[in-house]
Every structure is written in C-alpha cells, then in structure tokens.
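Below: one structure, written as structure tokens.
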Amino acid sequence: MTTQLFGAPIRRKEDPRLVTGGGRYLDDLGHDALAAAFVRSPHAHARIVDVDASDAVDVEGVVGIYVHDDLPGRVGEPLPLLIPHPTLTHGRTGYALARDEVNHVGEPVVMVVATDRYVAEDACQRIRVSYEPLPVVVGIEAARDGDLLVHDDVPGNVAAHMLQEVGDVAAAMAAAPRTLTLELDIERSACTPMEGKGVYARWDHERGELRMYSSTQTSTGVRAAVAAKLDLPLAKVECIAPDVGGGFGVKIMHPWPEEVLVPWAARLLDRPVKWVEDRREHFIGSAHERGQLQTVTVGFDDEGRVLALDVKFWHDNGAYTPYGIIVPIITSTQLLGPYKPGAYRCEFWSLYTNTVLVTPYRGAGRPQGCFAMERTMDAIADELGLDRTEVRSRNFILPSEMPYDHGLLFQDGRPLKYDSGDFPASLAKLKDLVGWDDFADYRARAEAAGRKVGLGIGCYVEGTGVGPYEGGHIQIETSGRVNVATGLTSQGQGHETVFAQIVAEELGVRMEDVHVTTGDTRRMPYAVGTFASRAAVMSGSAIALAARNVRAKALRIAADALEVSPDDLEIVEGTVRVKGAPATSMSLGTVSVLSNPLRYAFDDAAKAATQFAGTFDPDKPPVADDEEPGLEGRDFYSPTQATFANGMHAAVVETDPVTAEIRILRYCVIHDCGTMINPMIVEGQVHGGVAQGVGGALYERMAYDESGQLLNASFMDFLMPYASEVPTIETDHLETPSPLNPLGIKGAGEAGCIPVSAVIASAIEDAEGFPITRMPISPNDLWELRRRHAAGEVPSLHRLSSTSSKEPTA
Amino acid sequence: MTDATTGAETLHDVTVTVNGVRRSAAVPARRLLSDFLRHDLELTGTHVGCEHGVCGACTVLVDGAPMRSCLMFAVTAQDHEVTTVEGLCSAPDARVAPTGESMNPVQQAFAECHGLQCGFCTPGFLTTVTAYLEENPSPTSEQAREAISGNLCRCTGYQNIVKSVLRAADIRTERAAEELS
Numbered sequence: 007m008t009t010q011l012f013g014a015p016i017r018r019k020e021d022p023r024l025v026t027g028g029g030r031y032l033d034d035l036g037h038d039a040l041a042a043a044f045v046r047s048p049h050a051h052a053r054i055v056d057v058d059a060s061d062a063v064d065v066e067g068v069v070g071i072y073v074h075d076d077l078p079g080r081v082g083e084p085l086p087l088l089i090p091h092p093t094l095t096h097g098r099t100g101y102a103l104a105r106d107e108v109n110h111v112g113e114p115v116v117m118v119v120a121t122d123r124y125v126a127e128d129a130c131q132r133i134r135v136s137y138e139p140l141p142v143v144v145g146i147e148a149a150r151d152g153d154l155l156v157h158d159d160v161p162g163n164v165a166a167h168m169l170q171e172v173g174d175v176a177a178a179m180a181a182a183p184r185t186l187t188l189e190l191d192i193e194r195s196a197c198t199p200m201e202g203k204g205v206y207a208r209w210d211h212e213r214g215e216l217r218m219y220s221s222t223q224t225s226t227g228v229r230a231a232v233a234a235k236l237d238l239p240l241a242k243v244e245c246i247a248p249d250v251g252g253g254f255g256v257k258i259m260h261p262w263p264e265e266v267l268v269p270w271a272a273r274l275l276d277r278p279v280k281w282v283e284d285r286r287e288h289f290i291g292s293a294h295e296r297g298q299l300q301t302v303t304v305g306f307d308d309e310g311r312v313l314a315l316d317v318k319f320w321h322d323n324g325a326y327t328p329y330g331i332i333v334p335i336i337t338s339t340q341l342l343g344p345y346k347p348g349a350y351r352c353e354f355w356s357l358y359t360n361t362v363l364v365t366p367y368r369g370a371g372r373p374q375g376c377f378a379m380e381r382t383m384d385a386i387a388d389e390l391g392l393d394r395t396e397v398r399s400r401n402f403i404l405p406s407e408m409p410y411d412h413g414l415l416f417q418d419g420r421p422l423k424y425d426s427g428d429f430p431a432s433l434a435k436l437k438d439l440v441g442w443d444d445f446a447d448y449r450a451r452a453e454a455a456g457r458k459v460g461l462g463i464g465c466y467v468e469g470t471g472v473g474p475y476e477g478g479h480i481q482i483e484t485s486g487r488v489n490v491a492t493g494l495t496s497q498g499q500g501h502e503t504v505f506a507q508i509v510a511e512e513l514g515v516r517m518e519d520v521h522v523t524t525g526d527t528r529r530m531p532y533a534v535g536t537f538a539s540r541a542a543v544m545s546g547s548a549i550a551l552a553a554r555n556v557r558a559k560a561l562r563i564a565a566d567a568l569e570v571s572p573d574d575l576e577i578v579e580g581t582v583r584v585k586g587a588p589a590t591s592m593s594l595g596t597v598s599v600l601s602n603p604l605r606y607a608f609d610d611a612a613k614a615a616t617q618f619a620g621t622f623d624p625d626k627p628p629v630a631d632d633e634e635p636g637l638e639g640r641d642f643y644s645p646t647q648a649t650f651a652n653g654m655h656a657a658v659v660e661t662d663p664v665t666a667e668i669r670i671l672r673y674c675v676i677h678d679c680g681t682m683i684n685p686m687i688v689e690g691q692v693h694g695g696v697a698q699g700v701g702g703a704l705y706e707r708m709a710y711d712e713s714g715q716l717l718n719a720s721f722m723d724f725l726m727p728y729a730s731e732v733p734t735i736e737t738d739h740l741e742t743p744s745p746l747n748p749l750g751i752k753g754a755g756e757a758g759c760i761p762v763s764a765v766i767a768s769a770i771e772d773a774e775g776f777p778i779t780r781m782p783i784s785p786n787d788l789w790e791l792r793r794r795h796a797a798g799e800v801p802s803l804h805r806l807s808s809t810s811s812k813e814p815t816a
Numbered sequence: 012m013t014d015a016t017t018g019a020e021t022l023h024d025v026t027v028t029v030n031g032v033r034r035s036a037a038v039p040a041r042r043l044l045s046d047f048l049r050h051d052l053e054l055t056g057t058h059v060g061c062e063h064g065v066c067g068a069c070t071v072l073v074d075g076a077p078m079r080s081c082l083m084f085a086v087t088a089q090d091h092e093v094t095t096v097e098g099l100c101s102a103p104d105a106r107v108a109p110t111g112e113s114m115n116p117v118q119q120a121f122a123e124c125h126g127l128q129c130g131f132c133t134p135g136f137l138t139t140v141t142a143y144l145e146e147n148p149s150p151t152s153e154q155a156r157e158a159i160s161g162n163l164c165r166c167t168g169y170q171n172i173v174k175s176v177l178r179a180a181d182i183r184t185e186r187a188a189e190e191l192s
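Sequence lines, in order, name chains H and G. Following my numbering, the numbering of the first sequence begins with 7 at its first residue and continues without gaps. Following my numbering, the numbering of the second sequence begins with 12 at its first residue and continues without gaps.
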C-alpha cells in the first residue's frame, strides 16, 4: 500500500542536489555573459549636475556606459507603481537610472557593462558624477515635521493617509472606565537573504526573443514588467527563477532597476549580460522594512476587556512607493491579532524619507502591529494587576464566533474575516509548554541567586494565502514520470517536496516519480508569486485540484480499456487497478500511452497507441469530443479571501544586573497553520522566522546618520544572528483546518518572526520592572533605560508597587 | 593590477589541486579564489554571500583547513590543495544515496535533518563541519553550536544545523564501523 505522504515529515527532494554543489543559483549561470556594475549615489538627496565618463570609456573591456538620457522610451520612464491604492495620493517611483535627482544613497545613476565584473567596477570608479546636495530627510520625526521635503511636490512628505474605523471609537473611549496611552517605536531591519538579487538576460537576435533569469519571488511579474518596459510581446519574453538563495520579501518587489536594464542591455548589445548584487549594494540598493512610530490609546473595563482601541502610526516608506502601502495596511489590520477590540479606529501616515525604499520583509507590517497590540495587552494587565494571559483570554475571539468578521478591509481589498483558529486552546498549550504558572517560583529562585529573569508572551493572527490565484499543471509521461508545474517561485521553502507530497497522495503515485518545477514562465505562465505565506495554500490547492482532474481522466481511460466502471478503480503506487482484484490493472504510464493516440511509434510504449495497434470503435473519434490528448490536467485556485493562521510565543529572558546583557533562556512556540503537509518543513519555517525575529528584537537595525548615510551596510556591522545568538526553539502545533481550501491548510512562512519583538519586550519588561516601548533593544539601550528609571524618568510597572517577585495568577 | 597606460592586466598562470585534480588558469593577480573556483573552473558549488569574510558561505578547505575563499587571491592558492563542496562527495567515507548522489556524512546528515532551506549558505557549513569533525569526532550539542557559529544562515535559525552536526558525527562513526566489519 502507498504509505501516507501528505502530513508526513518526508525528507526534501531538493537536498541531495543542494548539498552536493548541484544547486544552480543566478550567478552560477551565464559564464559567457558580460557583467554589469553600477555607479550609485553617495548622497541621500541631491541634484545630478554632470556625469563625466571620459576616463572610463577607454578602460579595456568596457562595452557600454549608460546614463538616464541613454534610455529610450519606456525604459527611461518611471518604474511602475505596482499596487495603487485610493489613499496613496502621492505615490512616487524612481527611474531605472536616476534622472536629474537622487533620493537615497545607493540609487543607481550609471550602468557600466564590461567583459567582467572587475573591469566594470574599475570603470565605475573612473566615472565622476557631480551633485548639488539637497536637504536630507532621515527618520520618521523629521519626515513627519515636514519642514524639509523628499519630493518637492509631496507636501508634508505624506505619500498616503489612511483611516479605517469600526464602531464609534470616540464614544466608546469616553465611556470606558479606564484608558491608557502608549507611545511605541520600532526600527528598521531588512530581509538580507544570503544570496542578493541578480539578473541574467540573453537576447536571441534571430528569433527576437528574450530569455531572462532573475533571483526573484515572481517570475511572471518580472516577465510582464520587462515585456512592457522593452515593448516586447509577452510571447517573446520568458523569465525563469533558478535556485534562489532566500527571499523573505525583498525579491517580490519588481521590476528592480537592474531587472529592466540588464535585459535592455542584452538586447542592445546582442550579448548575454549578467548583474549580481554584492552585499553592500543589497544594503543600500534593495529594500528595508519595519520602521514605525505608534500611538495607541485603549479604553477598557475593570476586568481588562478592551472597549475601544484608537491607533495612530507613522510609517517610514523610504524614498519611493513602488510596492504601494501594503505594509502599513497590513499593520493596521493585523494589529488586532486574536482579539475583539470593541470599537476600533486606525489611522496611519506613510511618509517619505531619503532612505532605501521600504517593501515587505517577512511578516510585512505584522510584527509592528503585533508589537502595538501585545504591548497594550501587557499594559492593561499591569494596570489592573491581572495575569497577562488572563487579560488576553478575556479578549479572545472564541472558536464559536468563527468566522469572525472585523468589518475592515484587508491588504487584498477583501474583508478581514477570520476563518478558523482556537485561541484558548493555543494559549493553554503555550502555558503548558513554557510552564507559565510555575514561573513565579522560578523567578523567586533566580532572584535569590542574584539573577534577573523575565517571562514574556505574544499572540498574533496572520492572514495567509491571499489571492488572486495560483495554478497547477500536471502531466504524466508514458514512462510514468509525473511532471508538476506551478508558476510561483521557491526560495528554500521545499516546494519540490511538499507539492510532490500533495500529488503523490492525490494521484496515488510514488514520490520519486513526481518532479516539480516552479517559477518558470515556460511551464506555467499564469501565476502571481511567493509572498504572504501563500505558496502552500495557493499553489498547493491548485495542484491538488489539478491532480484530481488528472486522476479522474486516468480512471476514465483505464475504465474504458479494462471494461470496468471508473468507480471500481483505484490507483496505487502508479498502477490503476480494480479494487479487490488488483491483477486487473495497468500502469499510469500505459494510461498515458492510451491517452494520446499516435500515428508514429517512436518506442515500444508508443507502439501501443498507434492506429493499427489494437481494437477501437470505428464510430468514435480517436480523441473524444470533450477530451484532450495527453494524460494531463490543469486547474487554478482562487479563494474569496485569505485564510488566517495564528500562533502564540513565550520566552524566558535573563538580563545581566551589571552589563545589561540580554540572554534568551527559553523560546516556546505554539503554531497553528491548519493541516500540515510536512511538519518537518513547517517547523523549519518557524525556526527561521523566530531567528529573524530575534535579530529584529535584539541586534538588527539600520543605522542611518543625519545625512542619510547607512553606517552599517555590511555583515560586519549589521548584526545578523549567528548560531550563538539564536536560542533553542521549542515548538508545538495545533491544527485547526481552514474550511476555505481543499486541503485545510493555512500559510506558515512568515509566522515565526511576527511576535518576537513583542515577546522579548514583554519578557525584558517583566525582568526589569519598567515598560519597554522601543525595539530593537541592545544592552546599551537597556543600560540607559535602567539609568533613566533610577533617575525617575521612566516609571515602574504597577506590579512592583505590590510585590516584586510574584506574577499574579487569576 | 591594471596597467594605467594600456589598460591590460598582467595574467598569472595559477595551478591548484582542486578536489584532487590539478587545475590551471591564467588570471589577474587580484582574482579572488572564490571567483577563480566559480568562474574560471566553473565549480559553482562554492557561494559568495558577503565578499568580506563574515558570512562563511564561500568557505573551502585549503590543505584541509577551512578558509574563506573570498578573502584569498587565486594566486596565493598556487600549489595548494583545495576542497570544495563538490569534492566532499568523493571523500573516503562518502556513500551513494538512493537518489544517486554521493555524499559524505555531513552532506548526508544535512539532508536527513532538514539542515538547509534555500541551500545558499550550505556549502560553507558543509566544508566547515567536515573539517571540524576531523578534529572533534564526537561533539556535544554546545560544541556543535560553537563549531558553526562563524557561519551565517538566514533560513534555518540554526536549529537543524546543530542537529545535523551531531547526526554527521553519528554517521561517521557508523561508516567507520562498517569499514572495520
């Protein structure tokens, strides 16, 4: 019998290839290609006065040097604004090469194409660009002040101003027995995948066709954008995402300037051209995320039930808004987490600054929203002297209230309506895992030994699997090989494995016979991309539907050949057989042969499908009217709304009483992404997300000076966690299947990182006894907070005024 | 160096024993070992993640010791022995997996323990851990974590990499026992 594949921790199909040096990432391709390099702006805000390339043109090996004036037609027009929104009244995008003005350090100004990258960079160093510096806007406060402008024609630096309100917040707040206001601050971090971006393009002069490879999260998106920019028919452009060395969001943004310029140069020069981003370029020429200032006012009753929630926040969108305002929209909606907020009002301003642009980074606005909500929950608990989990429980949406409609519009323009989840059950599991109720004893023992420890918690809900759609195509060859294609791309999520598990289970074939291709527009031209924890939900569902179509077709053909009813057939390990009489059978390979009537025999298998090979009904056409040749099928999955995953984390931290060093002693995760296709892979996703969250909570920040220079644009200075910084992560799962899709799955990709800053802040606050309102937090920051607390500038938590060593339990 | 008058670069013949095979190419003095391996020899298994020696993705073994190939010039590897991830497959204790690839115990362990996701940093971990286990064949969990703490991974949170190191140590022992029996 076929062993259960769906839901099993199957080893990854990708790994034997990837551990033996067989991966093919962008820079592993095109050894014959010319290399592109860029002169990038050293100024955060300046007018370009002159570009003098006279010393560079004679460098041996230089093939071309280009500035904005050299870019014809649409190539020279502004880059597209990918996601327009009615409130994005002042959307601005840059040019592939800067025209007249630069708005952040790192903006590309000149492109050099040469025989290799060394030579291209030699030439870049010999190009002199003169700038007239302009006033620089760095930081949210400066942008909000609006005294200085990033874009002359954008008053107050406000790209977008958006307000959503459910219920009458003013009235509910006025009626609330108690209110609190919190001022919160989250700094920038960035995806920093180990492989930066990269583009490689080949122009086929004879056919007038472009093939390009990009280290992207959306090959269909890049293809469409490049075809439009280069005025090429879509049919003449193909885009392939090869192995991609991590994405985490930054590679869903497209087209990057280089994705337009490299194919353009390849066509112009009729030579293959490649550009591979170096690490410094990635820091200053890609995208960051997270930076927000938040003001939260909450009204609640004496039991800690939230009656009114009024949130204002200011979001730093960097120099341009090519990806629209998806990130702040997500913050404003996903902030609510697993809670009923009573009346809710959220207003945000998305602001320009002269810094690298801001596009989604794993979590995409949710970590900031979760930080706001969870800091608020802790503040309510402290105000009332209640256990922090008790306050959360009293505000939970209950399973009996699902589906729960918040009355808000989500990032996909559709209702924010939770489909599933059991928050009380998740919390119970978390308390059990971390030993919540025993912590007071642990703390007492630690304090007796002169140690400071704290316990923190954070809960979140994550809308995953947003539309519009994904597709799956499955074709079974006469050898029995099963080819599966979906259009979205892979950056390490194990799609080759999990999609094969779905197909193997649905079709009844062996894992080793299933071969999955992702991100290749030649194999599946209709796709959206990999973001918003959507691949398993969207492509997984589409592939399952396609597999069901193929299975039905296989059974029809086999039933005809075996002269039985399709209902009497089953497929086991690639063989179609009669239930209870397995000797009456044929392989799926043979069914594939029969599905495609042939005139010519090219091998023994094909012989069986030729016109003189057997008996047939002369009154029927070789291919029935309502059938197509070939044992293949295709289907698409397009849901009416997102499906909502959730999770709850807790951490125990220790802070050094002298040095203020912060150590995470334990990190516990309860995660609910519905039915799991492969628990090993889900767990890996959670691990990676938590590690990024730890980086964002304790180490990673983008250190801009007031002139807009990024001071830590290297892995030496930007402190990405090593193994020594990431604690052991303890996980447990709750599976509440989604009712929305055929497999009951919810997304898992981003979950791990969402609550980490909230959890760590909660734990440090618990250890220290004063509020933590700003993340990330370094030992320096904590030391300074202690000093200010001692000086009476930072208030103590209320619980300290009663007992210092007991976590009240309700 | 670039000659200021002609623009032409002086080329040097470099011969390195890579994965047991003598390989030669004429390259400029500034050619990084990482680029030499990847672009001159087309051994693309070695990856470059930061170009400044911090991430460890480009780690190869030079005469058996882990080195960051982005911090070494190709000319300085002259007459040395370099092992890349491609060469780990032909280690004496490598075995052919059911999928057809030959893997040394560390490669096998990473595949078993989900020790990689995107796979970009992985070659640097594999070479580092291979050399580490030669020195410390049976590390504790703490030691395993310490051993990999000079390499960056953005996908895994290191949990399963630590597991992989411990599992690799077990596989080495198993294979050594097989050799004896």
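Every residue gets a Cβ at the ideal spot worked out from N, C-alpha and C, and that includes glycine. Please read these numbers as outputs of a predicted model, since none were measured by experiment.
message: Quick check: the Cα distance between H/P777 and H/T359, rounded to an integer number of angstroms?
response: Working through the first sequence from its first residue, we reach residue 777 of chain H at position 771. Working through the first sequence from its first residue, we reach residue 359 of chain H at position 353. Note on geometry: alpha-carbon atoms of H/P777 and H/T359 lie some 29 Å from one another.
query: Any contact of the stretch 442-461 of chain H with the stretch 350-365 of chain H, i.e. 3+ C-beta pairs under 8 Å?
result: Contact between the stretch 442-461 of chain H and the stretch 350-365 of chain H is not established, with fewer than three Cβ pairs separated by less than 8 Å.
- prompt: Short check: CB of H/K458 to CB of H/E774, under 9 Å?
  reply: If you number the first sequence from 1, residue 458 of chain H lands on position 452. If you number the first sequence from 1, residue 774 of chain H lands on position 768. It is a contact, given that the beta carbons lie within the stated cut-off.
- prompt: Helix, strand or coil for H/G500 per DSSP?
  reply: Along the first sequence, one-based indexing puts residue 500 of chain H at 494. Coil, per DSSP.
- request: Note down, in chain order, each residue of its chain lying with its Cβ closer than 6 Å to the Cβ of H/G369, except the 5 sequence neighbours on either side.
  value: Reading the first sequence from its first residue, position 363 is the one you call residue 369 of chain H. Close CB contacts of H/G369 within its chain, under the 6 Å cut and outside five residues either way in sequence, are with E756, C759 and I760 (chain order).
task: Find the residues of chain G that neighbour H/A719, judging by a C-beta separation of less than 7 Å, and give them in chain order.
output: Counting from 1 along the first sequence, the entry for residue 719 of chain H is found at position 713. Neighbourhood of H/A719 in chain G, by CB distance below 7 Å: empty, with the nearest CB roughly 11 Å away.
6 Å CB neighbourhood of H/V55 in its chain, flanking five on each side removed: As a working note, residue 55 of chain H is residue 49 in the first sequence. In the same chain as H/V55, and ignoring 5 residues on each side of it, the C-beta atoms closer than 6 Å to its own belong to S136 and E138, in chain order.
- request: Tell me, please, whether the CB atom of G/M114 is closer than 9 Å to any CB atom in chain H?
  value: Taking the first residue of the second sequence as position 1, residue 114 of chain G is located at position 103. So yes, G/M114 belongs to the interface.
message: Report the start-end ranges of each beta strand (DSSP E) in the stretch 344-381 of chain H that is 3 residues or longer and not cut off at the edges.
response: Fully enclosed beta strand (DSSP E) runs of 3 or longer: 349-357.
Within the stretch 644-722 of chain H, ranges of the beta strand (DSSP E) (whole runs, at least 3 residues): As for any beta strand (DSSP E) of minimum length 3 sitting wholly inside the stretch 644-722 of chain H, the runs are 649-661 and 668-678, ordered along the chain.
- prompt: Comparing alpha-carbon positions, which option in H/H74, H/R80, H/L190 and H/Y345 lies nearest H/A231?
  reply: In the first sequence, residue 231 of chain H corresponds to position 225, counting from 1. Ranking the options by Cα distance to H/A231, first place goes to H/R80.
- prompt: What residue from H/L267, H/G391 and H/V172 has the CA that sits closest to H/D307's CA?
  reply: Position 301 of the first sequence holds residue 307 of chain H. Of H/L267, H/G391 and H/V172, the residue nearest in Cα terms is H/G391.
query: Would you call the stretch 679-695 of chain H and the stretch 583-600 of chain H touching, i.e. three or more CB-CB distances under 8 Å?
result: Flag = no, the stretch 679-695 of chain H and the stretch 583-600 of chain H do not touch.
query: Rounded to a whole number of angstroms, what is the C-alpha to C-alpha distance between H/I508 and H/T737?
result: The sequence position of residue 508 of chain H within the first sequence is 502, counting from 1. The sequence position of residue 737 of chain H within the first sequence is 731, counting from 1. Looking at the two C-alpha atoms, the distance is approximately 24 Å.
- prompt: In its own chain, which residues sit with a C-beta less than 7 Å from the C-beta of H/S644, not counting the 5 before and 5 after it?
  reply: Counting from 1 along the first sequence, the entry for residue 644 of chain H is found at position 638. The beta carbon of H/S644 is closer than 7 Å to those of G473, P474 and Y475 in its chain, skipping five residues each way along the sequence.
query: Whose CA, out of H/H321, H/A607 and H/R529, lies closest to the CA of H/N489?
result: If you number the first sequence from 1, residue 489 of chain H lands on position 483. Residue H/R529 is the option with its Cα nearest to H/N489.
- request: At 7 Å on the CB atoms, spell out the chain G contacts of H/S292, in chain order.
  value: Reading the first sequence from its first residue, position 286 is the one you call residue 292 of chain H. What H/S292 touches in chain G: nothing, since even the nearest Cβ is about 14 Å away.
- prompt: For H/N747, which of helix, strand or coil comes out of DSSP?
  reply: Position 741 of the first sequence, counting from 1, holds the residue named residue 747 of chain H. Of the three classes helix, strand and coil, the one that applies to H/N747 here is coil, per DSSP.
message: Tell me the rounded alpha-carbon separation between H/Y410 and H/P344.
response: For the purposes of this step, residue 410 of chain H is identified with residue 404 of the first sequence, where counting begins at 1. For the purposes of this step, residue 344 of chain H is identified with residue 338 of the first sequence, where counting begins at 1. C-alpha of H/Y410 to C-alpha of H/P344: approximately 10 Å in a straight line.
field: Residues near H/K435 in its chain [Cβ-Cβ closer than 7 Å; skip 5 each side]
entry: Here residue 435 of chain H is taken as the residue at index 429 of the first sequence, counted from 1. Correct list, in chain order: I676, D738 and L740.
field: Pick from H/P627, H/C376 and H/A589 that is closest to H/S601, judged by C-alpha positions
entry: Position 595 of the first sequence, counted from the start, is the residue given in the question as residue 601 of chain H. Nearest option by C-alpha distance: H/P627.
- request: Could you tell me whether the Cβ of G/G31 comes closer than 9 Å to any Cβ of chain H?
  value: Counting from 1 along the second sequence, the entry for residue 31 of chain G is found at position 20. So no, G/G31 is outside the interface.
- prompt: Interface residues of chain G around H/R669 at Cβ under 7 Å?
  reply: What you label residue 669 of chain H is simply residue 663 of the first sequence in a count that begins at 1. Under the 7 Å cutoff, chain G gives no residues; its nearest Cβ is about 14 Å from H/R669.
task: Let me know the secondary structure DSSP gives H/A320 once reduced to three states.
output: By one-based count along the first sequence, residue 320 of chain H stands at place 314. Sequence check: residue 320 of chain H is Trp here, not Ala. In this structure, H/W320 counts as strand in the three-state DSSP scheme.
field: Inter-residue CB distance, H/V142 and H/G714 (contact presumed, cutoff 8 Å)
entry: For the purposes of this step, residue 142 of chain H is taken as residue 136 along the first sequence, with counting starting at 1. For the purposes of this step, residue 714 of chain H is taken as residue 708 along the first sequence, with counting starting at 1. Going by Cβ atoms, the distance from H/V142 to H/G714 rounds to 5 Å, so yes, they are a contact pair.
- prompt: H/H211: buried (16+ other C-beta within 10 angstroms of its C-beta) or exposed?
  reply: Reading the first sequence from its first residue, position 205 is the one you call residue 211 of chain H. With fewer than 16 neighbouring CB atoms inside 10 Å of its own CB, H/H211 falls in the exposed class.
- prompt: Looking at chain G, which residues of the stretch 677-699 of chain H have a Cβ within less than 9 Å of any of its Cβ atoms?
  reply: So the close ones are M686, I687, E689, G690, Q691, V692, H693, G694, G695, V696, A697 and Q698.
task: Apply the 10 Å Cβ neighbour rule to H/D128 and answer buried if 16 or more other Cβ atoms are within range, or exposed otherwise.
output: In the first sequence, counting from the first residue as 1, residue 128 of chain H sits at position 122. Around the CB of H/D128, 16 or more other CB atoms lie within 10 Å, so the residue is classed as buried.
query: In terms of DSSP beta bridges, what is G/S192 paired with?
result: Counting from 1 along the second sequence, the entry for residue 192 of chain G is found at position 181. G/S192 is not bridged to any residue.
- prompt: Would you call the CB atoms of H/E207 and H/R273 closer than 9 Å?
  reply: One-based indexing of the first sequence puts residue 207 of chain H at position 201. One-based indexing of the first sequence puts residue 273 of chain H at position 267. Inspection of the sequence shows that residue 207 of chain H is occupied by Ala rather than by Glu. Going by C-beta atoms, H/A207 is nearer than 9 Å to H/R273.
query: Are there 16 or more other CB atoms within 10 angstroms of the CB of H/F618, so buried, or fewer, so exposed?
result: Taking the first residue of the first sequence as 1, we reach residue 618 of chain H at position 612. By the 16-neighbour rule on beta-carbons within 10 angstroms, H/F618 is exposed.
task: Pick out whichever of H/I89, H/I766 and H/V599 has its Cα sitting closest to the Cα of H/Y326.
output: Stepping through the first sequence from its first residue, residue 326 of chain H is reached at position 320. In terms of CA proximity to H/Y326, H/I89 leads the group H/I89, H/I766 and H/V599.
- prompt: What is the DSSP secondary structure of H/P90, reduced to helix, strand or coil?
  reply: Here residue 90 of chain H is taken as the residue at index 84 of the first sequence, counted from 1. Looking at H/P90 - three-state DSSP - the assignment turns out to be coil, as it is neither helix nor strand.
message: Need the endpoints of the beta strand (DSSP E) that H/Y72 sits in, please.
response: What you label residue 72 of chain H is simply residue 66 of the first sequence in a count that begins at 1. Segment V68 to Y72, the beta strand (DSSP E) holding H/Y72.
Continuous alpha helix (DSSP H) stretch holding H/N555: start and end: On the first sequence, residue 555 of chain H is found 549 positions in, with the first residue counted as 1. In the DSSP annotation of this structure, the continuous segment of the alpha helix (DSSP H) that includes H/N555 starts and ends at A541 to L568.
- prompt: Three-state secondary structure (DSSP) at H/W262?
  reply: Here residue 262 of chain H corresponds to residue number 256 of the first sequence, with the count starting at 1. DSSP, read as helix, strand or coil, puts H/W262 in coil.
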